[in-house]
Every structure is written in structure tokens, then in C-alpha cells.
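Remarks on the structure that follows.
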Amino acid sequence: MLFFVKARADSEEQETAPFEPAPAPPVELVVEEVAPKIPAAVQASGAAQDFVVLENSPEPAPEPEPEPPKIMGKPTDADIEAAKQELVQDILAKLEEIDGAIVPEVVTAPYDPRFPTTNQNRHCFIRYNEYYKCKFERGEDDKRCLFYQRAYKSMCPPDWVEEWEDLREQGLWFGKY
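First residue of the sequence shown: 1, per the working numbering; consecutive thereafter.
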């Protein structure tokens with residue numbers, strides 16, 4: 001009797017090649033018994049009696065025992081905290097690497113006469129300074145200073161104005177007036 005070995009990998013049946021590929025997925029071996037086929041001409045001549053069929057019965061390889069699953073109890077609060085701290089440290093280390101590598105380049109657009117109201121930061125600061133300079137030189141109630149006040153209030157973001165007012169009250173304002 002002759003035996004052919006078929007390999008079954010991922011529930012597909014394939015005949016094995018004469019060589020094995022280097023990395024192979026786990027394979028389940030299925031042994032099927034096949035009757036030898038002797039041509040009719042050989043059987044008629046009686047030469048079939050001279051042949052001896054050798055059976056190779058390889059010993060089945062012992063299957064490795066699967067590793068027993070690790071038995072873990074419930075994690076304690078200390079274990080959870082330690083895992084959280086380790087995860088946070090890993091994330092912070094990765095963020096520091098990223099922050100050091102990326103440096104944003106801030107570029108402002110040059111003046112464009114088609115859009116006269118854009119990029120007015122410089123004018124905002126100048127109008128704010130001129131308002132307080134006018135107020136200092138001409139007095140609190142002068143009508144000519146209202147132009148500067150309206151100009152800086154319409155151009156300047158409120159956050160900037162609040163910050164500048166705080167600096168003026170503390171005596172740390174760096175504007176000239």
C-alpha cells in the first residue's frame with residue numbers, strides 16, 4: 001500500500017510540495033490510504049508479482065502541549081495605578097518627541113490693497129496709543145480723541161484691550177504718551 005500525505009492549512013486541502021517553504025503556518029496532517037494502481041499490461045504479463053510495496057509508516061510527531069493560561073486574580077488598585085502611570089509616562093515621552101520635532105512657522109501675509117481691513121494689528125496698537133496720548137495732551141473730554149477711540153475699539157480684539165488696560169493700571173504700559 002502507498003500513502004500520500006495531504007496537508008490541510010486553513011481548511012484548504014493541498015498536496016505538499018517536494019520542499020518546505022521557510023515560514024509555514026501550523027499545518028494539520030491528514031493521512032489517506034491509496035491503493036496502488038498497476039497498469040493492465042503489467043498485470044497481464046504477471047510481472048506485478050515481482051514488485052514489493054513498501055509501507056513507510058512514520059511515527060507521528062508528538063504535538064507540543066499548549067501553555068497553560070496564566071491565572072491572574074483581580075488587579076488591585078495599586079496595580080491599576082501603576083499601569084496608568086506607566087501609560088501616561090509613555091504618552092508624555094512620545095509627545096515630547098513630537099513637540100521637539102515640529103516647529104510651526106508663522107508667516108503673515110504682506111499688505112494687499114485689495115483687502116484694506118486685514119492685518120491691522122500694527123494700526124490697532126498705534127490707534128490705542130494715540131488715543132491715550134491725545135487724552136493725556138488734550139484732556140479727558142476732547143472730541144478729537146474720539147476718532148482714535150473708535151478706531152482702536154473697532155480694530156483691536158477685546159482680549160488685547162483688556163490686557164493693555166491692566167498694564168496701564170499697574171503702571172507697566174510700554175506705550176509712549
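By construction, the Cβ of each residue, glycine as well, lies at the ideal position given by its N, Cα and C atoms.
query: Does the Cβ of E105 have 16 or more other Cβ atoms within 10 Å, making it buried, or fewer, making it exposed?; result: exposed
query: Do you know how far the Cα of E96 is from the Cα of G73?; result: 35 Å
query: In the DSSP assignment, find the unbroken alpha helix (DSSP H) run with P158 in it and report its ends.; result: 158–170
query: How many whole angstroms separate the CB atoms of Y152 and C134, which I take to be in contact at a CB cut-off of 8 Å?; result: Between C134 and Y152 the Cβ distance is about 11 Å, and since that is not below 8 Å, they are no contact.
query: In whole angstroms, what separates the C-alpha of R168 from that of T108?; result: 28 Å
query: State the Cα-Cα distance for the pair Q89 and A82, rounded to the nearest angstrom.; result: 11 Å
query: Out of E165, Q170, P75, E65, which has the shortest C-alpha to C-alpha gap to N129?; result: E165
query: Is there at least one non-hydrogen atom of the ligand FAD closer than 8 Å to the beta-carbon of P113?; result: Judged by which ligands are present, the structure shown has none, so any question about the ligand FAD falls away.
query: Taking buried to mean at least 16 other C-beta atoms within 10 Å of its own C-beta, is Y131 buried or exposed?; result: buried
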